[in-house]
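Here the sequence shown is numbered in this note's numbering, starting from 1 and rising by one per residue.
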Amino acid sequence: MASRRWFDPEGRSRADIAALRVPEAEGGPEPTTALLDGSARARRERREMNRALAAAVRVLPVADQEVVWGEAA
Numbered sequence: 001m002a003s004r005r006w007f008d009p010e011g012r013s014r015a016d017i018a019a020l021r022v023p024e025a026e027g028g029p030e031p032t033t034a035l036l037d038g039s040a041r042a043r044r045e046r047r048e049m050n051r052a053l054a055a056a057v058r059v060l061p062v063a064d065q066e067v068v069w070g071e072a073a
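Below, the structure written as structure tokens:
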């Protein structure tokens, strides 16, 4: 199995990426009673999940591969 190494197009390390992924600040407004139950709560949870997925940093590990230069490439 080929070894994998960390790759980020902007040159950030794993520690840099981890520092960017801080939890959302607490202290936002409290949910109203309408959001505590029912379909409004389900819509809110879907929106929050979609925001979290959209904000996720996606970096794929790259396997070391031999680079072929010249006519064979």
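Here a beta-carbon is modelled for each residue, glycine too, at the ideal position from N, C-alpha and C.
Requested in this report: Go ahead and pull the three-state DSSP assignment for Ala63.
Outcome: strand
Requested in this report: Output the distance between the C-alpha atoms of Val68 and Ala56, rounded to the nearest integer angstrom.
Outcome: 34 Å
Requested in this report: Taking only the alpha-carbon atoms, compute the straight-line gap between Thr33 and Phe7 and give it to the nearest angstrom.
Outcome: 45 Å
Query - Element boundaries [alpha helix (DSSP H), containing Ala42] - result: Ser39 to Ala55
Query - Segment limits, alpha helix (DSSP H) that includes Leu36 - result: That residue, Leu36, is in no alpha helix (DSSP H); it is neither H nor E in DSSP.
Query raised in the report: Can you give the Cα-Cα distance for Glu30 and Glu48, rounded to whole angstroms?
Result: 15 Å
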